[in-house]
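Just so you know, the protein sequences line up as chains A and B, in that order. When we follow the numbering used here, the leftmost residue of the first sequence carries the number 528, and every step to the right adds one. When we follow the numbering used here, the leftmost residue of the second sequence carries the number 1305, and every step to the right adds one.
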Amino acid sequence: MNWEVWLGTAAVGAIAMGCSGGSSSPEGGTSTSNAAPNDKIYTIGMSQCNRGEPWRVQMDADIKAAAGEHLNLKVIFKDAQNDTLKQRSQIEEFITQKVDAIIVSPKESQPLTEPIAKAYEAGIPVIVLDRAVIGDKYTCFIGADNVKIGRAAGEWLKNALGGKGTVVELKGLQTSQPGIDRNKGFREGIAGSDIKVAFEADMKWLEPDARKEMESALTRLPKIDAVYAHNDPGAHGAYLAAKAAGRDKEMLFVGIDALPHEGVMYVKNGLLASTFQYPTGGKEAIEVVLKVLKGETVEKTITLGSRVFTKDNVDAGGEALP
Amino acid sequence: MKDAFRHGAAARALAALVIVLLLGVIFNADGAFFKLTTHRDALRQASVYGILACGMTLVIISGGIDLAVGSVLALVAVFVSKMTIWWGWSPWLSVPTALAAGAVCGLASGLLVVYPRLQPFIATLAMMVFARGLAKTLSGGVKVATAVPQPDGSFEFVDVPAVFRGIDSRVLGDNLSVVTIILAVCVAVSWWALAKTVWGRNVYAVGGNEQAAYVSGISVVRTKLVAYIASGFFAAVAGICQAAQEQQGDPEAGVGYELTAIAIVVIGGTSLMGGQGSLALTVFGMLTIGYLEKMLSLNAVPEAMRLMLTGAIIVIAVMMQRRRQL
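Set out below in structure tokens:
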């Protein structure tokens, strides 16, 4: 066998891992509450696009916690492992099972629009989380606005730096919508000020990559006033690079997502100057499900607000952004 | 080693490195390429890949391949983080245990290769998927960091363990990363094993012609098993270095690292058909990949362009190696 064949097959291996390596939790884990004997138990199907990302693990945890407060709700969690077709069959399974409501956080808009519409037409309320689908054949869409959050981060940094300074931007994957939006919003936020983005790189949401890129930025720039990373692990990686260079006190670190055990902890420990919450909508999804099951009408689109966490407000649970 | 230099492979591997270094000199990012810290950081960044490539070289010369190293890295990163951060174990206990875990993964791959006689590609592909799953199971799907979950659902923040800080520190007046020293030790040990021991000679013999090696009385099974165990062991070393540098055990760490390690070995000029190559060549390959990455990062080259350039450099480097076979 020669090397081309080896490398070719190695590439196939990488793809195989992408598909099969994505399972982080057993499929179909359930959380049941102790219901009183005579109550009707409502079953909710939840299809998560993947449980590899901490933020999505948090979304499932939020749903579980919110559902746990209601004795008559039972949630079936399914992990689509980043596979569109798997997610499609999960929704079809929920229809066959005749669940009382479906919550879905889709991997992609186009291929999941039809399966979701089928569930909706079968009379099952469908709550779509985070990524929208096309058309209007769903009950409610709950999501946050990454452009708005990026803009808030830009404006916060503009204030914190007094309107001028040198900034490093460590971007999330620039072929993903959140990465594009967090970049766009930030640039809007700092527009009109003397803040200059002197170094920018795509760290693909990964902490080791953020650290590598930050090392390059530190070598190139004699003075850095702030680092804006599109997620908290990225900001943390940048912090580690600056600390290793003995320059962490020179600059502010700003991240996004504000998961309780990640970004919020980093702020609490003085590593990050601020982090901006990207809410999961898990709690809100259960609230909407309850309203729908009671026969109340709900809004078609709910845009979630964000919160900013700084060292001054982190102990008070952050501050809601306007 | 001798074989490699006799065929002039070392000179060709060096040529690829020189091309990349020249690119660095030309695109020096306002002089940043000439700063000492750039080279220190390039070596640090290449260290984890380099450590993986040490084990990969042994396996490839023996006529096999190990696709599991990236996943074993993640598994060990999670495991060592759990032991040192969450359970507060002493590094004297947690580090050897983690290294043993890596070696066991390597042993499992090796056993699949020698007894059911699975093709190394398939055996280690299975181990790659399995170890990734095990890493995710062990971690519960979250990163094992200094935020330790408590039974009541809250988090307690603990210090980064001293062993992690030690591995991620620098010595010699801040000019040499500890992980680079670890890499140097790994290179030295695997070079010695390959070039100076009977086992090393057997590796070349088995990789070159398994039948002939068997007939001449070499224990093919033992030779191969040791190669896979070594690969698992080095993946564990890399996993510990990865965890120390990230200050956490990420079950998603190391995805695709096995391909970088293979690329390093191949760019160096070690033959994927087995029986030929050396650790010295792998060091050249490692420096080539490491400096290429650093140069692209310093110049803030967009991601899409980086991927294309990396692909092109791999092709050019390997084409230069193939000339000897024509």
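Even for Gly, the Cβ is constructed at its ideal location relative to N, Cα and C. All values reported here derive from a predicted model rather than from experimental measurement.
List the residues that DSSP assigns as beta-bridge partners of residue i.
i                      : result
residue 837 (chain A)  : A:801
residue 1481 (chain B) : B:1474
residue 1370 (chain B) : Note: residue 1370 (chain B) sits in no beta bridge, so no partner.
residue 727 (chain A)  : A:696
residue 1281 (chain B) : With chain B running from 1305 to 1630 in the structure shown, residue 1281 (chain B) is simply not present.
residue 671 (chain A)  : A:831
residue 722 (chain A)  : A:692
residue 1553 (chain B) : B:1448
Reducing DSSP to helix, strand and coil, say where residue i ends up.
i                      : result
residue 691 (chain A)  : strand
residue 1510 (chain B) : helix
residue 574 (chain A)  : strand
residue 1398 (chain B) : helix
residue 1540 (chain B) : helix
residue 665 (chain A)  : coil
residue 1349 (chain B) : helix
residue 762 (chain A)  : helix
residue 697 (chain A)  : strand
residue 580 (chain A)  : coil
residue 830 (chain A)  : strand
residue 651 (chain A)  : coil
residue 610 (chain A)  : coil
residue 569 (chain A)  : strand
residue 1522 (chain B) : coil
residue 1417 (chain B) : helix
residue 823 (chain A)  : coil
residue 656 (chain A)  : strand
residue 1408 (chain B) : helix
Give the range of the beta strand (DSSP E) segment to which residue i is assigned.
i                      : result
residue 632 (chain A)  : 628-632
residue 601 (chain A)  : 600-606
residue 755 (chain A)  : 753-756
residue 848 (chain A)  : Looking at the DSSP string, residue 848 (chain A) is not in any beta strand (DSSP E), and its letter there is neither H nor E.
residue 1453 (chain B) : 1451-1453
residue 1389 (chain B) : Segment: none, residue 1389 (chain B) is in no beta strand (DSSP E) and carries neither H nor E.
residue 779 (chain A)  : 779-784
residue 1460 (chain B) : 1459-1461
Do we get a CB-CB distance below 9 Å when we pair residue i with the residues of chain A?
i                      : result
residue 1341 (chain B) : yes
residue 1554 (chain B) : yes
residue 1582 (chain B) : no
residue 1395 (chain B) : no
residue 1493 (chain B) : no
residue 1451 (chain B) : yes
residue 1514 (chain B) : no
residue 1383 (chain B) : no
residue 1461 (chain B) : yes
residue 1557 (chain B) : yes
Would you please verify whether the beta carbon of residue i is less than 9 Å from any beta carbon of chain B?
i                     : result
residue 845 (chain A) : no
residue 723 (chain A) : no
residue 701 (chain A) : yes
residue 551 (chain A) : Model confidence at residue 551 (chain A) stands at a pLDDT of 37, short of 50, so the residue's coordinates are unreliable; what they give is reported in the following sentence. True, the Cβ-Cβ gap to chain B drops below 9 Å.
residue 555 (chain A) : Confidence at residue 555 (chain A) is low in this model, with a pLDDT of 43, below 50, so the placement of that residue should be treated as unreliable; the coordinate-derived value is given next. For residue 555 (chain A), the answer is no, since every Cβ of chain B falls outside 9 Å of its Cβ.
residue 731 (chain A) : yes
residue 834 (chain A) : no
residue 718 (chain A) : no
residue 745 (chain A) : yes
residue 565 (chain A) : Unreliable positioning characterises residue 565 (chain A) in this predicted model, as indicated by a pLDDT of 47, which lies under 50. The coordinate reading is nonetheless provided below. By this cut-off, residue 565 (chain A) is not an interface position.
residue 841 (chain A) : no
residue 581 (chain A) : yes
residue 767 (chain A) : yes
residue 754 (chain A) : no
Residue range of the alpha helix (DSSP H) that residue i falls in?
i                      : result
residue 1434 (chain B) : 1424-1443
residue 1594 (chain B) : 1583-1602
residue 736 (chain A)  : 734-747
residue 1321 (chain B) : 1313-1330
residue 596 (chain A)  : Per DSSP, residue 596 (chain A) belongs to no alpha helix (DSSP H) and is neither H nor E.
residue 709 (chain A)  : 704-717
Is residue i near the ligand MG, going by C-beta to nearest heavy atom under 8 Å?
i                     : result
residue 847 (chain A) : No copy of the ligand MG occurs in the structure displayed, which carries no ligand at all.
What residues of chain C sit near residue i, judged by a beta carbon separation below 7 Å?
i                     : result
residue 727 (chain A) : The structure shown contains no chain C; its protein chains are A and B.
Cβ contact (3+ pairs, closer than 8 Å) linking the segment 821-834 of chain A and the segment 1550-1566 of chain B
Touching, no.
Evaluate contact between the segment 1581-1601 of chain B and the segment 1429-1441 of chain B, counting only Cβ atoms and requiring at least three cross-stretch pairs below 8 Å.
No, the segment 1581-1601 of chain B is not in contact with the segment 1429-1441 of chain B.
Count Cβ pairs between the segment 1337-1353 of chain B and the segment 1497-1504 of chain B that sit closer than 8 Å; are there 3 or more?
The segment 1337-1353 of chain B is not in contact with the segment 1497-1504 of chain B.
Can you find at least 3 beta carbon pairs, one from the segment 765-778 of chain A and one from the segment 736-750 of chain A, that sit closer than 8 Å?
Yes, they touch.
Mind the definition here: the segment 653-671 of chain A touches the segment 789-800 of chain A only if three or more C-beta pairs lie below 8 Å; say whether that holds.
Contact fails: fewer than three Cβ-Cβ distances are below 8 Å.
Check whether the segment 1382-1400 of chain B and the segment 1598-1615 of chain B touch, using three or more Cβ-Cβ pairs below 8 Å as the test.
Judged by Cβ distances under 8 Å, the segment 1382-1400 of chain B makes no contact with the segment 1598-1615 of chain B, as fewer than three pairs qualify.
Any contact between the segment 1327-1337 of chain B and the segment 1599-1606 of chain B? By contact I mean 3 or more CB pairs, one from each, below 8 Å.
Result yes; three or more Cβ-Cβ pairs closer than 8 Å.
Assess contact between the segment 806-815 of chain A and the segment 580-592 of chain A, defined as three or more Cβ pairs (one per stretch) separated by less than 8 Å. Is contact present?
Counting Cβ pairs under 8 Å, three or more are found: they touch.
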